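Structure record follows, encoded as structure tokens.
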Amino acid sequence: MAIEATENPTRREAALLYFQGYGTTEIARELGESKSTVASWKRRDQWDDVSPIDRVKASIDARLALLVNKNNKTERDLNEIDCLMRALERAARVRKYDETGKESDLNPKLANKKKNRKKQKNFLDEDQVAALVEAFETSLFGYQRQWRGAGTNNRIRNILKSRQIGATWYFAREALVDACETGRNQIFLSASKAQAHVFKLYILAFVYEVTGVELSGDPIVLWNGATLYFLGTNARTAQSYHGNIYMDEYFWIPRFSEFRKVASGMAVHKKWRQTYLSTPSALTHEAYSFWTGDRLNKGRSKDNKIKIDVSHKALKAGRLCEDGQWKQIVNINDAIAGGCDLFDLDELRLDYTDDEFRNLFLCEFIDDSMSIFTLAHLEKCLVDSWVVWRDIRPLAERPYGNKRVWIGYDPSRTRDAAAVAVLAPPVSAGAKFRIIERLKFQNMRFDLQAEEIKKLTQKYNVEKMSIDTNSIGLGVFDLVRLFFPTAIGLNYSPEVKTRLVLKAQSIIEGGRLEFDAEYKDVAGAFMSIRKTITKSGNAITYESVRSDEFGHGDLAWATMHALDLEPLTAIDAGGAASQCSIVEIF
């Protein structure tokens, strides 16, 4: 059967779910079809006879179609498209190999290799390892060379960094090279498995690009015995592992002290290296005392306290600090000075507010002491969606099937972006809100924004929608009502803002909201909201760090618009409210 030839999208989605291991009963329930219909599709389309490579190709085709048709593609989208295209090429080679049986058809680079070479899983010969080392060392910026030198001379590295300067990319390659040369295990940790697997994608792409070898397995076990582990929150159950550890975005990991205690236990022996890297979150995060060294001052006398200067001036060049950690701050200006030519600073300053820019690119921490939504409360919302959410199908044409969702939209003002949040509402009293998808529109015409919202109504079973009608939001609202007449318009006032904030505050502090730990932008948006006085001086209202003129916190407001759709009657007789969650499909 050619899956691509199936004209009925629901029938095609049913086939894709069957290839993922779901039974016909589960598929019927997920898609809202009768079991007999699904069974008929299975029989007529001969799903059981579809080859493994054709099953994989069908899933890749579905994901590619979704990404290619997406407007305003992110760098992550483009990288995924590139990876999927390479996967299609490999699928074509596998199919050709099935016809000829020649290994050179699987990998042209093997054509001139000795045919009698011993076959071994994840095998790299001396020449291939040397090629990897050379490709790694010749691709580094100046600050990345500093990290390499610091890793040779120091057991613990702690790096505060700007966004998008190639830190995860670098440490993935560094760890691979170390594993190849020394046989040491490498352990990649983060708040979510999806984030940890970014390291894996970089490693797989690097090895294939340089050597033509496709590494496999999870964990990846190399020919020399070195094992590469990619762990999310399940690292707490992996205490028997030992190796070099890389903890990514640790300033966004909930219950950091507990997490680090387990993680550092994997690298107790002096031969293991510990590397911590992150963009900054808030001053109140548990990891802040780990960064400043204050965690070591508990119980010490005043004269015996450790004092570490963690200013950018003191750590710009990197240095071994008094707590035994080599620390460095690399902001975007340092990265540019170190040879990174990937940024246009003027354009970035237009795309982000001053506060966002300082936090994301200049490595400044957020002071959430005046925030309505503190990091301590928001941390309780963070989950590893790969582990917790079992009803989301990222590769499906309808990721949430026919289950209902609510949408909230916040328009742009002058400099900020417009934002959309898609929430899975509660299915019963006591369930949670989940963010299923969040989008941001930068410098996009309002009619095009309305078109993107329309696509969401085709992707999900949208039950309710709430739109801020201020600024260009009114134009978006008028266009959206043409295809979604029941959309609700919000005309902002101090009273409306107060209602939105207090409702969201109740939900968040009550532990009724979840979103993936990778969604740092959602947490940052909520932390930007403050209580203030209206211009007339006679009423309390709520604003983001920036004024209305410049806007900010767009993802938070979009989320609150959707949360506001929950009726007061959702609270049951026992006083427990139904709950929601936020999820992005990527």
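Residue numbering for the sequence shown follows the working numbering, beginning at 1 and increasing consecutively. All residues carry an ideal CB built from backbone N, CA and C; glycine is no exception. None of the values given here were measured: they were computed from a predicted structure.
Exercise for review: Starting from the Cα of Ala-337, find the closest Cα among Lys-520, Asn-122, Gln-144 and Asp-45 and give me that residue.
Suggested key: When each option's Cα is compared against that of Ala-337, the closest is Gln-144.
Check your understanding: Name the DSSP bridge partner or partners of Asp-77?
Key -> Answer is none; Asp-77 lacks a bridge partner.
Review point. Residues bridged to Gln-164 by DSSP?
Key: The partner list for Gln-164 (beta bridge, DSSP) is empty, contrary to what the question assumes.
Review point. Taking 8 Å as the CB-CB cut-off, is Leu-555 touching chain C?
Key: Absent from the structure is chain C; it holds one protein chain and no more.
Check your understanding: What residues are listed by DSSP as bridge partners for Arg-255?
Key -> Partner(s): none; Arg-255 has no beta bridge.
Point to revise | Length of the line joining the Cα atoms of Ile-585 and Leu-16 | key: With a pLDDT of 35 at Ile-585, under the threshold of 50, the modelled position of this residue cannot be trusted, and the question is left open.
Check your understanding: Distance, Cα to Cα, Ser-369 vs Ser-528?
Key -> Whole-angstrom Cα-Cα distance: 11 Å.
Review point. Got a sec: does the ligand FMN put a non-hydrogen atom nearer than 7 Å to the Cβ of Asn-359?
Key: As far as ligands go, the structure on display features none, and thus does not contain the ligand FMN.
Check your understanding: Is Ile-245 near Gln-274, with beta carbons less than 8 Å apart?
Key -> Taking 8 Å as the Cβ cut-off, Ile-245 and Gln-274 qualify as a contacting pair.
Point to revise | Between the CA atoms of Arg-76 and Leu-88 - distance to the nearest angstrom | key: Each residue's Cα considered, the two are about 18 Å apart.
Exercise for review: From the DSSP output, in three-state form, read off Leu-215 for me.
Suggested key: Correct three-state label for Leu-215: coil.
Practice item. Can you have a look at Phe-483 and say buried or exposed, based on whether 16 or more other CB atoms are within 10 angstroms of its CB? Key: Exposed is the call here.
Practice item. Whole angstroms is fine: what's the gap from Leu-228's alpha carbon to Val-221's? Key: When rounded, the distance between both Cα atoms is 6 Å.
Review point. Taking only runs of the alpha helix (DSSP H) that begin and end inside the segment 123 to 204, which ones reach a length of at least 4 residues, in chain order?
Key: Secondary structure within the segment 123 to 204: the alpha helix (DSSP H) runs of 4 or more consecutive residues, fully enclosed, are 126 to 137, 142 to 153 and 167 to 182 (chain order).
Practice item. Below 6 Å CB to CB, which residues in the same chain sit around Trp-557 once its five sequence neighbours on both sides are set aside? Key: Asp-410.
Exercise for review: On the DSSP bridge assignment, give the partners of Ala-87 in chain order.
Suggested key: Answer is none; Ala-87 lacks a bridge partner.
Check your understanding: From Ala-263 to Ser-257, what distance separates their C-alpha atoms?
Key -> Note on geometry: alpha-carbon atoms of Ala-263 and Ser-257 lie some 10 Å from one another.
Check your understanding: Mapping DSSP to helix, strand and coil, what is Asn-297?
Key -> Correct three-state label for Asn-297: helix.
Review point. Hey, which unbroken runs of the beta strand (DSSP E) at 3 residues or more fall wholly within the segment 386 to 437?
Key: Here the runs fully enclosed are 404 to 410 and 418 to 424.
Review point. Can the beta-carbon of Ala-191 be found less than 8 Å from the beta-carbon of Glu-249?
Key: Pairing Ala-191 with Glu-249 gives a Cβ-Cβ distance under 8 Å.
Review point. Leaving out five residues before and five after Asp-554 in sequence, what residues of the same chain have Cβ atoms less than 6 Å from its Cβ?
Key: Close CB contacts of Asp-554 within its chain, under the 6 Å cut and outside five residues either way in sequence, are with Asp-410, Asp-416, Ala-417 and Ala-419 (chain order).
Check your understanding: In chain order, what residues of the same chain lie with their CB nearer than 8 Å to the CB of Thr-10, ignoring the 5 residues before and after it?
Key -> The residues are Leu-31 and Glu-33.
Check your understanding: Once you ignore the five residues that flank Gly-575 on each side, which residues in its own chain have a CB closer than 7 Å to its CB?
Key -> No answer about Gly-575 holds up, because its pLDDT of 41 lies below 50 and its placement is not dependable.
**Study point:** DSSP state of Tyr-250 mapped onto helix, strand, coil
**Key:** The DSSP-derived three-state label of Tyr-250 is helix.
Point to revise | Buried/exposed call for Gln-46, threshold 16 Cβ in 10 Å | key: By the neighbour-count criterion, in which a residue is buried when 16 or more other Cβ atoms sit within 10 angstroms of its Cβ, Gln-46 is exposed.
Check your understanding: Is Gln-146 buried or exposed, if buried means 16 or more other CB atoms sit within 10 Å of its CB?
Key -> Counting C-beta atoms within 10 angstroms of its own C-beta, Gln-146 has 16 or more neighbours from the protein chains shown and is therefore classed as buried.
Point to revise | Terminal residues of the alpha helix (DSSP H) in which Ser-59 lies | key: Per DSSP, the unbroken alpha helix (DSSP H) holding Ser-59 starts and ends at 52 to 68.
Check your understanding: Which of the three DSSP states, helix, strand or coil, is assigned to Asp-344?
Key -> When DSSP states are grouped into helix, strand and coil, Asp-344 belongs to the coil group.
Review point. Which partner residues of Tyr-22 appear in the DSSP bridge assignment?
Key: Answer by DSSP bridge pairing: none, since Tyr-22 is not bridged.
Review point. With a CB to CB cut of under 6 Å and the five nearest residues on each side skipped, what residues in its chain are close to Asn-8?
Key: Here the set comprises nothing.
Review point. If you draw a straight line from the alpha carbon of Ser-301 to that of Lys-313, how long is it in whole angstroms?
Key: Roughly 28 Å between the two C-alpha positions.
Review point. According to DSSP, is Arg-229 helix, strand or coil?
Key: The question names Arg, yet the displayed sequence has Tyr at residue 229. The answer is strand: DSSP assigns Tyr-229 an E or B state.
Check your understanding: How many Å lie between Ser-578 and Glu-514 at the Cα?
Key -> Residue placement at Ser-578 is flagged as unreliable, the pLDDT there being 44, under the threshold of 50; a coordinate-derived value is accordingly withheld.
Practice item. Look up Arg-530 in the DSSP assignment and give the residues it is bridged to. Key: In the DSSP output, where bridge partners are listed per residue, Arg-530 has Ser-371 and Glu-543.
Point to revise | Inter-stretch contact (C-beta, 8 Å, three-pair minimum) for the segment 381 to 398 and the segment 448 to 457 | key: A contact is defined here as three or more CB-CB pairs under 8 Å, and the segment 381 to 398 fails this definition with respect to the segment 448 to 457.
Check your understanding: Which residue comes first and which comes last in the beta strand (DSSP E) that contains Gly-489?
Key -> Where Gly-489 is concerned, the enclosing beta strand (DSSP E) stretches over 488 to 490.
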